[in-house]
Structures are given as C-alpha cells and as structure tokens.
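Adding 1 to a residue's 1-based position in the sequence shown gives its number in this note's numbering. Positions of the beta carbon are idealized from the N, C-alpha and C atoms, including for glycine. First up is the structure itself, then whatever we jot down about it.
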Amino acid sequence: MDRNDRAIRIVNSVLGDARGGRWQVVCEYSRLLSQHGFQVLLLLNAARAPDPGQLPAGVTVEYLRNHGHYDYLAARRARRRLQAFGPDLAIAHCSRSVALLKRALGGRVPVVAVTHSDKVRRLLPADAYLPLTAHLAQKIRAAGPPASTRPCYVVPNMIDTGDGRCPPRSRHAPLRIGALGRFDPVKGFDVFIDALGLLNRRGVPFQAVLGGSGDEGPRLQSRAEQLGLTGRLEFPGWVDAVDDFMAGIDLLCVPARSDAFGLTPLQAAVAGVPMVLSNAAGHLEMFRDGEQALFSEIGNAASTAQQIQRLLTDETLSGQLRQAAYQRVVEQFSTGVVTEKILQAIVSIIDESNK
2 MDRNDRAIRI VNSVLGDARG GRWQVVCEYS RLLSQHGFQV LLLLNAARAP
52 DPGQLPAGVT VEYLRNHGHY DYLAARRARR RLQAFGPDLA IAHCSRSVAL
102 LKRALGGRVP VVAVTHSDKV RRLLPADAYL PLTAHLAQKI RAAGPPASTR
152 PCYVVPNMID TGDGRCPPRS RHAPLRIGAL GRFDPVKGFD VFIDALGLLN
202 RRGVPFQAVL GGSGDEGPRL QSRAEQLGLT GRLEFPGWVD AVDDFMAGID
252 LLCVPARSDA FGLTPLQAAV AGVPMVLSNA AGHLEMFRDG EQALFSEIGN
302 AASTAQQIQR LLTDETLSGQ LRQAAYQRVV EQFSTGVVTE KILQAIVSII
352 DESNK
C-alpha cells in the first residue's frame, strides 16, 4: 500500500488495558496491516505493557506513560513522537486512546475508534468508527450528529480457521464444561456457577473449569463452595494457552450479560467446541440459535443450565452445532474475509479525510 510514493503510516494504539481479547485484536491489526505494506507504529501504555514475547514481529513499538483520558502532558509527549512518525491515520482500541490521540494529532489525521464493548459514548469524539457489529453501529448512529455523520464500517473480530475443516473431537468422561474470561460482573460467571449448582443438584455428571482472573475471583470461588461445587469446578487462573483450554473441554458456556463481539466464541468454534451463549446482542450477530449454538436468557441460571444439559445429553445435536458453527466462522469471520473489510475501510477513511 503506497501513497505519494511512500507506505501509508498507521498508528495502532491501546493506551488503556492491553490484555485478553482486546490485546489479541490489537496484535492482529498490527500484523495484517504490516503484512499488507502499511508502516505500523504500535503505541502502548508503559504502565500496562504486555510481555515482550506477545508483541507482533516486524512492528515498531513505542510506550507512552499516561494517567488517563485527561493527561495533557502525555498528549504533548505523544504529539512529539507522532510528528516524527508522520501518520496518515490512527487506530484507537480504547476510549483513552481516542482522547489522547485526538489531542496529540490535533485534527491533522483521522482517529478511528474500534468498538470492543457496547460502551460507545467515550469513543464518539473519534473521526471514524469500526464497530464490531451492526448493533454497535446503530448505537453510534443513534448518538446523533456529528458522530452519526462520520464514516462507520462494521468490521467483526477475526480468527485463523486453519485448513477449513472442523477438527474431530472425542468426549471426556465425565463431560467437561468450560467458561473463560475476565472476572467482571458483565461476563456473567456468577450465572455460570449458579447453573452448575442446578446441574449438581439434579445429579448430572460433569466436571467444569472456569479460567480467568479479576476482582470478582474471591466472590465467584465463595459462591462455588456454597453450592457444593468443590472438586467439580476448577479455577486454574488466567489462561494464555486458549487452544489447550479448548482441547480440555466438551462444551463452552459464554453467559455474558453484555458482549460486543467476543473472541472466545470464535476460538471455541474453530476448536470444534459446541457452545451455550447468552442472548447478548453480539452473540446473536455471530451465531443462530439452534443452528450453530444454543442460546440462554441473559442472567438466567435456570435457562443456562437447561441448555447446558441439552448439549451434555444430546451428542448428535452437539455434533451438528459444532460443525455448523465452524462453517459459519470460516465464511464470515476468517482472517482473510475480515482483513479485506479492514483494508477497504482504512483506505476509504484516508481518502475521505484528504478530500
């Protein structure tokens, strides 16, 4: 990609928390843009720097110490660094990045916000938007001018789908139920634990694992003990090796109260793991209920337990869902498909800003 005889230069930034699914998306953007001829500067929060081994190869990385959205000194330091880089566009993966990059760049180049959650209000000052779902795009438009008049392209998360064939799986005995993510109330893991408690009282045989960490950890573990799940539910801590986690379970539950477009369901689908998902808006855009996954009511442990039990007891249904979910991801969310959406959006936004 060249513009005026030089590679288009892009700042890719997350100046807030760089962990979990958001961090994976930031890395994917950096890799694919670099592979397609863009010159990429990855701008990260110095206080929350990831392990160096997690950084994408071949991408220039700089760190900016900052203390939040209104850190004017950090914006000034960023301005000096970015002037030397000379970006054509900046991608912001959090609201803090939007705020600081808008001040640092002073309107000279567009700042594009990627929506990683349904909290879009603090992203609205951006010059363009890459919402993960049509639902999030509608929330941006509903905010009214000027946000509703700015470029907005729906770009979902992406994942490598391998050779295009759903991997074979053998089921554990007893069957293993998994859930994975940051221990935050919005993730709904209390609902997951309560659903396991219902299954336990019914005498349903299972083992379960809840991978992750966060402030809610002690409360979740206490709840599991109260429901008699000691010995049946493991808490292994934060999980970096997601592929290994998926290989060790027979069913994934994603009980989120609100989820823009999580990576975890995509990872499960590619691993061939059948899923029970909450009927959060992002999940409803990813998969169809009864065709590619089973859906439960948000915040409803009884509904979640019922759908989990269906997959535990109906191996034929489980096999059909996992095959269909894998095919859905290949067709709609594979790296090649989504990369084209990103490239088209970026070029269009730059062209529009230069008119």
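Own chain residues within Cβ distance below 8 angstroms of residue i, not counting five before or after
{"i": "L176", "result": "P206, F207, Q208, D251, L252 and L313"}
{"i": "E332", "result": "V338"}
{"i": "Q25", "result": "L264"}
{"i": "G238", "result": "G212, G213 and S214"}
{"i": "L221", "result": "F184, F190, D191, I194, L211 and F236"}
Where residue i falls: helix, strand or coil (DSSP)
{"i": "R7", "result": "strand"}
{"i": "Y130", "result": "strand"}
{"i": "V274", "result": "coil"}
{"i": "A257", "result": "coil"}
{"i": "L176", "result": "coil"}
{"i": "G249", "result": "coil"}
{"i": "T162", "result": "coil"}
{"i": "S335", "result": "strand"}
{"i": "I299", "result": "coil"}
{"i": "T314", "result": "helix"}
{"i": "D119", "result": "coil"}
{"i": "Y64", "result": "strand"}
{"i": "S304", "result": "helix"}
{"i": "N366", "result": "Nothing about residue 366 can be read from this structure; the chain reaches only from 2 to 356."}
{"i": "C95", "result": "coil"}
Residue i versus residue j - alpha carbon distance
{"i": "L230", "j": "L199", "result": "10 angstroms"}
{"i": "E292", "j": "S149", "result": "34 angstroms"}
{"i": "D164", "j": "F246", "result": "20 angstroms"}
{"i": "C167", "j": "S319", "result": "13 angstroms"}
{"i": "V348", "j": "A93", "result": "16 angstroms"}
{"i": "A105", "j": "R80", "result": "4 angstroms"}
{"i": "P57", "j": "L102", "result": "22 angstroms"}
{"i": "K356", "j": "D89", "result": "14 angstroms"}
{"i": "A225", "j": "G212", "result": "14 angstroms"}
{"i": "V210", "j": "E235", "result": "5 angstroms"}
{"i": "R202", "j": "R49", "result": "42 angstroms"}
{"i": "D244", "j": "G54", "result": "17 angstroms"}
{"i": "I351", "j": "A47", "result": "28 angstroms"}
{"i": "A269", "j": "T61", "result": "31 angstroms"}
{"i": "Q84", "j": "P126", "result": "21 angstroms"}
{"i": "G283", "j": "R172", "result": "28 angstroms"}
{"i": "Y154", "j": "A326", "result": "24 angstroms"}
{"i": "V112", "j": "A129", "result": "7 angstroms"}
{"i": "D52", "j": "C254", "result": "28 angstroms"}
{"i": "Q310", "j": "R77", "result": "56 angstroms"}
{"i": "Q308", "j": "R10", "result": "48 angstroms"}
{"i": "Q345", "j": "R233", "result": "48 angstroms"}
Anticipated Cβ contact below 8 angstroms, residue i with residue j, distance rounded
{"i": "Q40", "j": "A91", "result": "Contact doesn't hold; Cβ gap of about 13 angstroms is too wide."}
{"i": "L131", "j": "D119", "result": "Their Cβ separation, rounded to whole angstroms, is 15 angstroms, which puts L131 and D119 out of contact at 8 angstroms."}
{"i": "L42", "j": "F86", "result": "5 angstroms"}
{"i": "G215", "j": "A257", "result": "Contact doesn't hold; Cβ gap of about 14 angstroms is too wide."}
{"i": "V156", "j": "L133", "result": "7 angstroms"}
{"i": "L65", "j": "L16", "result": "6 angstroms"}
{"i": "P38", "j": "R170", "result": "According to the sequence as given, residue 38 is Gly; it is not Pro. Contact flag wrong, Cβ pair sits at about 39 angstroms."}
Contact set for residue i: own chain, Cβ-Cβ below 6 angstroms, skip 5 residues either direction
{"i": "S335", "result": "T162"}
{"i": "L228", "result": "G198"}
{"i": "V121", "result": "K140 and I141"}
{"i": "Q324", "result": "C167"}
{"i": "V12", "result": "L42, L44, P88 and A91"}
{"i": "Y30", "result": "N13"}
Residue i CB to nearest heavy atom of the ligand MN below 7 angstroms
{"i": "L33", "result": "Judged by which ligands are present, the structure shown has none, so any question about the ligand MN falls away."}
Same chain, Cβ closer than 7 angstroms to residue i, neighbours up to 5 away in sequence not counted
{"i": "G59", "result": "S35"}
{"i": "S14", "result": "L44, A91, I92, A93, H94, S98 and L102"}
{"i": "A302", "result": "V192, D195, A196 and L199"}
{"i": "E353", "result": "P152"}
request  = Check whether the region 142 to 149 touches the region 169 to 188, taking contact to mean three or more Cβ pairs, one atom from each stretch, closer than 8 angstroms.
outcome  = no
ask   = Can you find at least 3 beta carbon pairs, one from the region 271 to 281 and one from the region 291 to 306, that sit closer than 8 angstroms?
value = yes
query = Does the region 64 to 75 come within contact of the region 97 to 114, defined as at least 3 CB pairs closer than 8 angstroms?
reply = yes
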